[in-house]
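A.B. asks:
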Amino acid sequence: MGIVTNNLSFAYGKKQALNKVNLSLSTGFNVLLGPNGAGKSTLFSLLTGLTQSAQGTIHINKDDLSSNKSKIMSQMGVVFQQSTLDLDLSVKQNLLYYASLHGISPKKALINIDTILAQLSLTERLHDKIRTLNGGHRRRVEIARALIHQPKVLLLDEATVGLDVDSRLLIISYVRNLCAQRDICVLWTTHLMDEVEPSDQLIIINKGEIQAQDQSSKLCEQHKVDDIYQLYFALTHNTEAV
Amino acid sequence: MTLNQYYYCCLGIVKREIFRFFQQRSRLFSALVRPLLWLIVFAAGFRAALGVSIMEPYGTYITYQEYIIPGLCCMIVLFNGMQSSLSMVYDREMGSMKVLLMSPLSMPFLLCCKLIAIALLSLMQVYVFLLCAQFVDVDISFLGYLTAAPAVFIIAFFLGALGLLLSSLIKQLENFAGVMNFVIFPMFFLSSALYPLWKMQEASIWLYRICQYNPFTYCVELLRFALFGQLNSTAFSVVLSVTVITAVLALISFSPKFSQKR
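Chains C and Y, in that order, are what the protein sequence lines are.
Just so we're aligned: 60 in the numbering used here is position 60 of the first sequence, and the numbers increase by one with no gaps anywhere.
Just so we're aligned: 34 in the numbering used here is position 34 of the second sequence, and the numbers increase by one with no gaps anywhere.
Below, the structure written as structure tokens:
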């Protein structure tokens, strides 16, 4: 169970965005950390099948993405960096639309929606238009949407960017709890180091290449640093930030 | 994937398009006002100047208002097809297109559902317009109302597919506005929507030729006959052929490999 990439490369014209990326993510909370332009979003786009790579392979839950896209998509939930909600529709309409794209009946979808929205404290906003929600609520709706079809793999691309501290904490703790309760693989993409915990599986990416991949506490030990900040700066050679 | 899942998916896409349409009240308003202005103001003014002699499918002399009804219905369908496709460009710019692309169901199926939704919306608008047209002495038989439905549906499918094809080639909303001007107006004016082709032939032979090769002309003629409970087999064949070709091209243009190349 999980995500495995093998020699995954991708270039925008002549600019190499990813270079022979080998990843092996199992169930649990995996954090992909890297500076802006490191290749996180490109990797995310390849993992979700929105972009196709000519080089390398992607296997999700042992299925090849290039040949089993339909099966993989039915098991994958995604929260994109940019909001993808329909602003003119209500929370309920957005969620039902997404459920229908997965072939879920409205009756079944409503049961799932009620449960997830209750967990995310959004039940009262069910009939509100997305346009009237604040950034934190919109993010929560997107997370709810990604979970309607009960995915086995959940990908979140910088899901907490632009949110206040309370919303960030609520969202990250919700996803962590979800990960602990269910046997799912979460890939949490971020550039915010305070979102990484010692027990997380950490992948550090820079300039399109994987710099390190292991449990974050182990990586700190291996590189003889005290915390994630030092580890990050040591591996990304980000002297400006230091 | 089971048949039920395909059904729920199609239902979901159709519902979303209908919800969105009714959310955008100005779109609903302009969809009706535009053809009604043509019918009430333009056609009334030209009624005296332009006489329409006996021609098929009309059994007698008709008023100009009656003549332009099929053209105006097709105008509604044309605008709706293009505006619905405009929403695809908007969806792509806003990111909501990604949600569609993440569906486990195939892209051709999803796009066909989108076209069905566009066609149903067109059908609804055309019927509301036809009911309004009753107030300016345009009489359509009950049979005409019935036989117009499949004609409007196929025309809407064609124009929706054309819009999808265009939206796949356009990267920004601003560019789409320009293409609207280069597609909608030439298609509408260079057809038999406002004047019979024989009148066009009298005025200019090359304009007549352009109108003859314009698929929109056949859309108008298909609907003109359908409103009289008749089938214009030439128009039907042409519209069906261009619908299939355009739909296939639209589906190809939305395939990931083709999109990525661009």
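In this text, a Cβ means the ideal position worked out from N, Cα and C, and glycines have one as well.
If we define contact as Cβ-Cβ less than 9 Å, is Tyr97/C a contact residue for chain Y?
C.D. replies: Here residue 97/C refers to the residue found at position 97 of the first sequence. At least one chain Y Cβ lies under 9 Å of Tyr97/C.
A.B. asks: Val78/C CB to nearest chain Y CB: under 9 Å?
C.D. replies: The residue you call residue 78/C lines up with position 78 of the first sequence. Yes, Val78/C lies at the interface with chain Y (some Cβ there is under 9 Å from its Cβ).
A.B. asks: Quick one: using the 10 Å Cβ neighbour count with 16 as the cut-off for buried, is Ser216/C buried or exposed?
C.D. replies: Counting from 1 along the first sequence, the entry for residue 216/C is found at position 216. Ser216/C comes out buried.
A.B. asks: So, at 6 Å on beta carbons, what are the nonlocal neighbours of Thr217/Y in its own chain, with the 5 sequence-adjacent residues on each side left out?
C.D. replies: For this step, residue 217/Y is matched to residue 217 along the second sequence. Closer than 6 Å at Cβ, skipping near neighbours: Ser191, Ser192 and Cys211.
A.B. asks: For Pro198/C, is the classification buried or exposed, using 16 other Cβ atoms within 10 angstroms of its Cβ as the cut-off for buried?
C.D. replies: Taking the first residue of the first sequence as position 1, residue 198/C is located at position 198. Burial call: exposed.
A.B. asks: Would you give the residue range spanned by the alpha helix (DSSP H) that Glu158/C belongs to?
C.D. replies: Within the first sequence, residue 158/C is the residue found at index 158, counting from 1. No alpha helix (DSSP H) holds Glu158/C; DSSP gives it neither H nor E.
A.B. asks: From this set, His223/C, Ile228/C and Asn206/C, which residue's C-alpha is nearest Asp200/C's C-alpha?
C.D. replies: The residue you call residue 200/C lines up with position 200 of the first sequence. Here the closest residue by C-alpha is Ile228/C.
A.B. asks: Roughly how many angstroms separate the alpha carbons of His223/C and His237/C, rounded to a whole number?
C.D. replies: Here residue 223/C is taken as the residue at index 223 of the first sequence, counted from 1. Here residue 237/C is taken as the residue at index 237 of the first sequence, counted from 1. Cα to Cα, the separation comes out at about 13 Å.
A.B. asks: Within 10 Å of its beta-carbon, does Glu221/Y have 16 or more other beta-carbons around it, so buried, or fewer, so exposed?
C.D. replies: As a working note, residue 221/Y is residue 221 in the second sequence. Result: buried.
A.B. asks: Is the Cβ of Asn214/Y closer than 9 Å to any Cβ of chain C?
C.D. replies: Walking along the second sequence from the start, residue 214/Y turns up at place 214. With 9 Å as the cut-off, Asn214/Y does not count as an interface residue toward chain C.
A.B. asks: Just checking: is the beta-carbon of Ile228/C within a distance shorter than 9 Å of some beta-carbon in chain Y?
C.D. replies: In the first sequence, counting from the first residue as 1, residue 228/C sits at position 228. Cβ-Cβ to chain Y under 9 Å: no for Ile228/C.
A.B. asks: Listed in chain order, which residues of the stretch 95-127 of chain C have Cβ atoms closer than 8 Å to some Cβ of chain Y?
C.D. replies: For the stretch 95-127 of chain C, which is checked against every Cβ of chain Y, the residues closer than 8 Å are Leu96, Tyr97, Tyr98, Ala99, Ser100, Leu101, His102, Gly103, Ile104, Ser105 and Pro106.
A.B. asks: Could you say which of Met107/Y, Leu223/Y and Leu207/Y lies nearest to Leu50/C if we only look at CA atoms?
C.D. replies: The residue you call residue 50/C lines up with position 50 of the first sequence. Nearest option by C-alpha distance: Met107/Y.
A.B. asks: Thinking just about the alpha-carbon of each residue, which of Pro150/Y, Arg34/Y, Leu100/Y and Gln172/Y is nearest to the one in Asp86/C?
C.D. replies: Locating residue 86/C in the first sequence gives position 86, counting from the first residue. Selected option, being the one with the closest Cα: Leu100/Y.
A.B. asks: Cβ atoms of Leu120/Y and Gly229/Y: under 9 Å apart, would you say?
C.D. replies: Indexing the second sequence from 1 puts residue 229/Y at position 229. Indexing the second sequence from 1 puts residue 120/Y at position 120. No, these two residues do not count as a Cβ contact at 9 Å.
A.B. asks: Cα separation between Phe19/Y and Leu89/C?
C.D. replies: To locate residue 19/Y, count along the second sequence from 1; it is residue 19. To locate residue 89/C, count along the first sequence from 1; it is residue 89. If I take the Cα positions, the gap works out to 7 Å.
A.B. asks: If you draw a straight line from the C-alpha of Ile62/Y to the C-alpha of Asp139/Y, how long is it?
C.D. replies: Taking the second sequence and counting its residues from 1, one reaches residue 62/Y at position 62. Taking the second sequence and counting its residues from 1, one reaches residue 139/Y at position 139. For Ile62/Y and Asp139/Y, the distance between alpha carbons rounds to 11 Å.
A.B. asks: Between Gly49/C and chain Y, is the shortest Cβ-Cβ distance under 9 Å, so that the two count as touching?
C.D. replies: In the first sequence, residue 49/C corresponds to position 49, counting from 1. At least one chain Y Cβ lies under 9 Å of Gly49/C.
A.B. asks: Restricting to runs no shorter than 3 residues, where is the beta strand (DSSP E) found entirely within the stretch 162-209 of chain C?
C.D. replies: If we require 3 residues or more, the beta strand (DSSP E) runs fully inside the stretch 162-209 of chain C come out as 185-190 and 201-206.
A.B. asks: Let me make sure I understand the geometry here. Which of Leu32/C, Ile130/C, Arg131/C and Ala38/C has the alpha-carbon closest to that of Glu195/C?
C.D. replies: Translated into positions along the first sequence, residue 195/C becomes position 195. It is Leu32/C whose Cα lies nearest to the Cα of Glu195/C.
A.B. asks: Between the stretch 31-45 of chain Y and the stretch 198-207 of chain Y, do three or more beta carbon pairs fall short of 8 Å?
C.D. replies: Taking 8 Å as the limit for Cβ pairs, the verdict is that the stretch 198-207 of chain Y does not touch the stretch 31-45 of chain Y.
A.B. asks: Any idea if Ala31/Y is buried or exposed, counting beta-carbon neighbours within 10 angstroms, 16 or more meaning buried?
C.D. replies: Reading the second sequence from its first residue, position 31 is the one you call residue 31/Y. With 16 or more Cβ atoms within 10 Å of its Cβ, Ala31/Y is classed as buried.
A.B. asks: Could you work out which residue in Ile205/C, Lys14/C and Ser26/C is closest to Phe44/C when comparing CA atoms only?
C.D. replies: As a working mapping, residue 44/C is identified with position 44 in the first sequence. For Phe44/C, the nearest C-alpha among the options comes from Ile205/C.
A.B. asks: Classify Ala161/Y as buried or exposed, calling it buried when 16 or more other Cβ atoms lie within 10 Å of its own Cβ.
C.D. replies: Working through the second sequence from its first residue, we reach residue 161/Y at position 161. Ala161/Y comes out buried.
A.B. asks: Pull up the distance between the alpha-carbon of Met1/Y and that of Leu110/Y, whole angstroms please.
C.D. replies: For this step, residue 1/Y is matched to residue 1 along the second sequence. For this step, residue 110/Y is matched to residue 110 along the second sequence. Approximately 14 Å between the Cα atoms of the pair.
A.B. asks: Does the stretch 66-73 of chain C touch the stretch 206-213 of chain C, meaning 3 or more C-beta pairs lie closer than 8 Å?
C.D. replies: The answer is no - the stretch 66-73 of chain C does not touch the stretch 206-213 of chain C, with fewer than three Cβ pairs under 8 Å.
A.B. asks: At a CB-CB cut-off below 7 Å, which residues of chain C make contact with Lys98/Y?
C.D. replies: Counting from 1 along the second sequence, the entry for residue 98/Y is found at position 98. The answer, in chain order, is Leu50, Phe80 and Thr84.
A.B. asks: Tell me whether Ile104/C sits in a helix, a strand or coil according to DSSP, three-state version.
C.D. replies: Counted from its first residue, the first sequence places residue 104/C at position 104. If DSSP states are grouped into helix, strand and coil, Ile104/C belongs with coil.
A.B. asks: Taking Cβ-Cβ distances shorter than 7 Å, what residues in chain C pair up with Phe19/Y?
C.D. replies: The residue you call residue 19/Y lines up with position 19 of the second sequence. By Cβ distance, chain C contributes Leu89 and Gln93.
A.B. asks: Please classify Ser233/Y as buried or exposed, where buried requires at least 16 neighbouring CB atoms within 10 angstroms.
C.D. replies: The sequence position of residue 233/Y within the second sequence is 233, counting from 1. The residue in question, Ser233/Y, is exposed, as its Cβ has fewer than 16 Cβ neighbours within 10 Å.
A.B. asks: Please list the segments of the alpha helix (DSSP H) lying wholly inside the stretch 101-187 of chain Y, counting only runs of 4 or more residues, in order along the chain.
C.D. replies: Counting only runs of 4 or more, we get 107-133 and 142-169.
A.B. asks: What residues of chain C sit near Met1/Y, judged by a beta carbon separation below 9 Å?
C.D. replies: Locating residue 1/Y in the second sequence gives position 1, where the first residue counts as 1. Going along chain C in sequence order, the residues near Met1/Y (Cβ under 9 Å) are Ser70, Ser74 and Gly103.
A.B. asks: Label Trp198/Y either buried or exposed according to how many other C-beta atoms from any shown protein chain fall within 10 Å of its C-beta, with 16 as the threshold for buried.
C.D. replies: Locating residue 198/Y in the second sequence gives position 198, where the first residue counts as 1. Classification of Trp198/Y: exposed, given that the 10 Å Cβ count is below 16.
A.B. asks: Would you mind stating whether Cys219/Y and Val77/Y have Cβ atoms separated by less than 9 Å?
C.D. replies: Along the second sequence, one-based indexing puts residue 219/Y at 219. Along the second sequence, one-based indexing puts residue 77/Y at 77. Going by C-beta atoms, Cys219/Y is nearer than 9 Å to Val77/Y.
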